[in-house]
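In what follows, a single structure is set out as structure tokens and then discussed.
2 protein chains.
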Amino acid sequence: MTYAKVELFDQDLQVAAGYFKALSHPARLAILKYLTESRVCISGDISNELPLSRTTVNQHLKELKEIGLIQGTINGSKTNYCLNKAKIEEMKQVLNRFTDSVQLPEDFSCKS
Amino acid sequence: MTYAKVELFDQDLQVAAGYFKALSHPARLAILKYLTESRVCISGDISNELPLSRTTVNQHLKELKEIGLIQGTINGSKTNYCLNKAKIEEMKQVLNRFTDSVQLPEDFSCKS
DNA sequence: ATTTATTGACGCAAATATACGTCATAAATT
DNA sequence: AATTTATGACGTATATTTGCGTCAATAAAT
Chain G
608 MTYAKVELFD QDLQVAAGYF KALSHPARLA ILKYLTESRV CISGDISNEL PLSRTTVNQH
668 LKELKEIGLI QGTINGSKTN YCLNKAKIEE MKQVLNRFTD SVQLPEDFSC KS
Chain S
608 MTYAKVELFD QDLQVAAGYF KALSHPARLA ILKYLTESRV CISGDISNEL PLSRTTVNQH
668 LKELKEIGLI QGTINGSKTN YCLNKAKIEE MKQVLNRFTD SVQLPEDFSC KS
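So the protein lines, in turn, are chains G and S.
Going by our numbering, the letters in the first sequence line up with residues 608 to 719, in that order.
Going by our numbering, the letters in the second sequence line up with residues 608 to 719, in that order.
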């Protein structure tokens, strides 16, 4: 998604890696978890929930927004952030498709 | 897993984020995929499969090894790398536990 | 109209990740 | 024994991520 060499890999691996990357920081997991529970909330509320400054949380929100997992709706001077259900479902599919592809057989063992 | 602030989050989020991070680069996904198909192989073989130098691939292998997803067995002058089935299963559980936790209800919609 | 919130954009410093080349080491080959 | 192979450790340059403070802009409240 970011480094030059990344583009030399198969498209499906790039896409999967992109989602994994979006989930690679606990702050972003915490945000998704919080949005799941509250369904709708404003960004300010979220930074109160996390041990990070408002600007840093905002940056994580931006990242999640850019990959499409959440969406922000402007409401007066506030912004309501919530999960993008369709995108989340798509992500789950992509992630499962990958993790399923590394399924090992019952009798597997490391033969050295 | 890496940044100082990461440790301020719940343990389960840290663990999940650690696995997601391990999967956040297509080279590592390609390695896992390749190991799944060949079951056992040497590191040199893998770098031939990827558009990266041997040392870079070695570094990705090291990362996967450190988190436990793969293991390397020294065999003479060669090293046989293969998947650590138990750890992979554990990872899948952790990842699923998280993704399941962001399951949204049928009637969900962004209320602004 | 003037403050007071609420946000996002911008820039900066420090920490990490990525990608490689070079070396050293040990095994296999000649 | 000398050479070739195979690997990992180490160092380095560059790119990206984190984390945060400051500012500007807009909305809300006084």
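From the three backbone atoms N, C-alpha and C, an ideal C-beta is built for every residue, glycine too.
> Which residues in chain S sit within 8 Å of G/Q700, going by Cβ to Cβ distance?
Replying inline: Going along chain S, no residue has its Cβ under 8 Å from G/Q700, so there is no contact; the nearest lies around 10 Å.
>> Within a Cβ cutoff of 8 Å, which residues of the same chain sit near G/E668, ignoring the five residues on either side of it in sequence?
In response: Residue identity differs from the one stated: residue 668 of chain G is Leu in this sequence, not Glu. Only I638, S650, I653, I677, G679, Y688 meet the Cβ criterion.
> Does any C-beta atom of chain S lie closer than 7 Å to the C-beta of G/Q618?
Replying inline: no
> If you compare alpha carbons, which of G/N703, G/V664, G/I674 is closest to S/V613?
Replying inline: G/V664
> Out of curiosity, what's the CA-to-CA distance linking S/P712 and G/Y641?
Replying inline: 15 Å
> Cα separation between G/D619 and S/Q710?
Replying inline: 23 Å
>> If we define contact as Cβ-Cβ less than 7 Å, is G/H667 a contact residue for chain S?
In response: With 7 Å as the cut-off, G/H667 does not count as an interface residue toward chain S.
>> Going residue by residue through the region 641 to 713 of chain G, where are the continuous beta strand (DSSP E) segments of at least 3 residues, counting only ones entirely within it?
In response: Correct list: 677 to 682, 685 to 690.
> Closer than 7 Å, Cβ to any Cβ of chain S: which residues of the region 686 to 697 of chain G, in chain order?
Replying inline: N687, C689, L690, K692, I695
> Anyone know if the C-beta pair for G/P623 and S/L636 falls short of 7 Å?
Replying inline: First, the residue type needs correcting, since residue 623 of chain G is Ala and not Pro in the sequence shown. Contact: yes.
> Mapping DSSP to helix, strand and coil, what is G/L615?
Replying inline: Of the three classes helix, strand and coil, the one that applies to G/L615 here is helix, per DSSP.
> Between S/Q666, S/E673, S/A611, which lies nearest to S/Y626 when the distance is taken from Cα to Cα?
Replying inline: S/E673
>> Is G/L671 close to chain S? Criterion is C-beta to C-beta, closer than 7 Å.
In response: At least 7 Å separates the CB of G/L671 from every CB of chain S.
>> Taking the straight line between their C-alpha atoms, what separation do you get for S/A629 and G/D714?
In response: 25 Å
> Which class does S/L639 belong to by DSSP, given the choice of helix, strand or coil?
Replying inline: helix
> In chain order, what residues of the same chain lie with their CB nearer than 7 Å to the CB of S/D707, ignoring the 5 residues before and after it?
Replying inline: none
> Are the C-beta of S/A623 and some C-beta of chain G separated by less than 7 Å?
Replying inline: For S/A623, the answer is yes, since a Cβ of chain G falls inside 7 Å of its Cβ.
>> Tell me the rounded alpha-carbon separation between G/E697 and G/R704.
In response: Approximately 11 Å, taken between the alpha carbons.
> Could you give the distance in angstroms between the alpha-carbon of S/L690 and the alpha-carbon of S/K699?
Replying inline: 13 Å
>> According to DSSP, simplified to helix, strand and coil, what is G/L620?
In response: It is helical.
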